[in-house]
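S.K.:
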Amino acid sequence: MSWQLFALGSAFFAGLTAIFGKLGVEGLNSNLATLIRTLVILVMTVGIVSARGEWLLPKAVGLRPLAFLVLSGLATGCSWLLYYRALQLAPASLVAPIDKLSVAFAIVLAVLFLGEAVTLKLILGGLFILIGVLILAWP
């Protein structure tokens, strides 16, 4: 399968995350809701890694990739905690578009820190995302 299908599936499930998350934080502390979500993800990924027999790290793996995975996990945790709190305070139809500004942030960060090429297509796409968020989420 192509990467585009995986990305589209990710977007679909992220959309479901907003709806299920909004329903899940009703009457529940947002931090506890995040913990429950995290435990479910932990159980699910342990099951997948176990079923596929993928528990062994490559012998050549260094500390750098592991450090960045830890940092990614910390960033994910912060994102989820803030996302669930936002869902408690506002409609999912307003929170989700602002959350998708992560795409625009990722574009800028990829250019700055990964040296990815800046193209007209990239600039226009990022601007359209920003404009869409502004139209949807701000009066």
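Here numbering that gives the first Met the number 0 is used: position 25 in the sequence shown is 24, and no number is missing along the way.
Here a beta-carbon is modelled for each residue, glycine too, at the ideal position from N, C-alpha and C.
Small disclaimer: the values here were computed from a predicted structure and weren't measured.
For Leu-80, which residues in the same chain have their Cβ closer than 8 Å to its Cβ, ignoring the five residues on either side in sequence?
M.R.: Residue mapping note: residue 80 aligns to position 81 of the sequence shown, counting from 1. Once the five neighbours on either side are set aside, the close Cβ partners of Leu-80 are Ser-29, Asn-30, Thr-33.
S.K.: Should Lys-58 go down as buried or exposed, given a rule of 16 or more other Cβ atoms within 10 Å for buried?
M.R.: In the sequence shown, the residue the question calls residue 58 occupies position 59. Exposed, since its Cβ has fewer than 16 Cβ neighbours within 10 Å.
S.K.: I'd like to know if the stretch 129 to 137 and the stretch 81 to 96 are in contact, where contact means that at least 3 CB-CB pairs between them fall below 8 Å.
M.R.: A contact exists between the stretch 129 to 137 and the stretch 81 to 96.
S.K.: CB Pro-96 to CB Gly-124, shorter than 9 Å?
M.R.: Here residue 96 is taken as the residue at index 97 of the sequence shown, counted from 1. Here residue 124 is taken as the residue at index 125 of the sequence shown, counted from 1. The answer is no: Cβ separation not under 9 Å.
S.K.: When the Cα atoms are used, what is the spatial distance from Gly-61 to Phe-67?
M.R.: As a working note, residue 61 is residue 62 in the sequence shown. As a working note, residue 67 is residue 68 in the sequence shown. Each residue's alpha carbon lies about 11 Å from the other.
S.K.: Can the beta-carbon of Ile-128 be found closer than 9 Å to that of Lys-99?
M.R.: Taking the first residue of the sequence shown as 1, we reach residue 128 at position 129. Taking the first residue of the sequence shown as 1, we reach residue 99 at position 100. Yes; because the gap between Cβ atoms is below 9 Å, this pair is in contact.
S.K.: Taking only runs that begin and end inside the stretch 29 to 69, name each unbroken alpha helix (DSSP H) of 4 or more residues, in chain order.
M.R.: Counting only runs of 4 or more, we get 29 to 51.
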